[in-house]
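Notes follow the structure.
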Amino acid sequence: MVKAKYLIIVMAVIIALLVILQYNQYNENTELKKEIGRIHYDNIHYVKVHVISEIEELLNESYNIEKYLCMNQWKFNEFITFGLPAGFFDIYFSSIKHDYQLLTQELEANNEDNIDAIKQRLIAKLIVIEDELELIQNHCGEDLTKYYELTQDSELIRKVEARMQKELIKIKSQ
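The letter at position 121 of the sequence shown is residue 121 when you use UniProt numbering, and the numbering goes up by one with no holes.
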């Protein structure tokens, strides 16, 4: 009888320790999700700020595009490495980087008509990125776990990718 009481006490202690361990594991997982969400949040904010700035500069007639071409190509190459939640952003960033390369070639050839067309295409692509990042920010707000949950399987990301693909096709057809 005494042994049974001790066995019950030992089992209760073990169960309590397992519950505490499970709770700690849950908290660690939650913190990890928030850290990853913070990375997505910061990257989205950083890209959006640069995109808005670049749109304003491309619209500015006095903007010296030759001075910033290499930097902009590098920036969009950097954005590809961020691994934003929707894989389609990487395709857009590659496309924008390619347009900057074309712009460099046209500037060297001093072909004003093509320069303006490429600038307009760049602006259109940048506006699409800005709009989609805004949609993500509006959906997630300040909740870092929502940023973590932005995966290829999320409904929002499927919607963002579909809209981006549609816009890219429209831009290429112009």
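Ideal Cβ positions, reconstructed from N, Cα and C, are used throughout, including at glycine.
Quantities reported herein were computed from a predicted structural model and do not represent experimental measurements.
DSSP places Glu106 inside the alpha helix (DSSP H), whose first and last residues are Phe88 to Ala109.
Rounded to the nearest angstrom, the gap between the Cα atoms of Ala162 and Lys33 is 26 angstroms.
Taken in chain order, the complete alpha helix (DSSP H) segments of 4 or more residues contained in the region 138 to 172 are 144 to 148.
Where Met1 is concerned, there is no enclosing alpha helix (DSSP H), because DSSP gives it neither an H nor an E. Here Asn43 is buried, its C-beta having at least 16 other C-beta atoms within 10 Å.
Across the structure, Leu133 and Asp116 are spaced so that their CA atoms are roughly 26 angstroms apart. The straight-line gap separating the alpha-carbon atoms of Lys97 and Glu142 is approximately 30 angstroms. Only exposed fits Lys5, as fewer than 16 other CB atoms lie within 10 angstroms of its CB.
When the Cα atoms are used, Lys166 and Phe82 turn out to be separated by approximately 23 angstroms.
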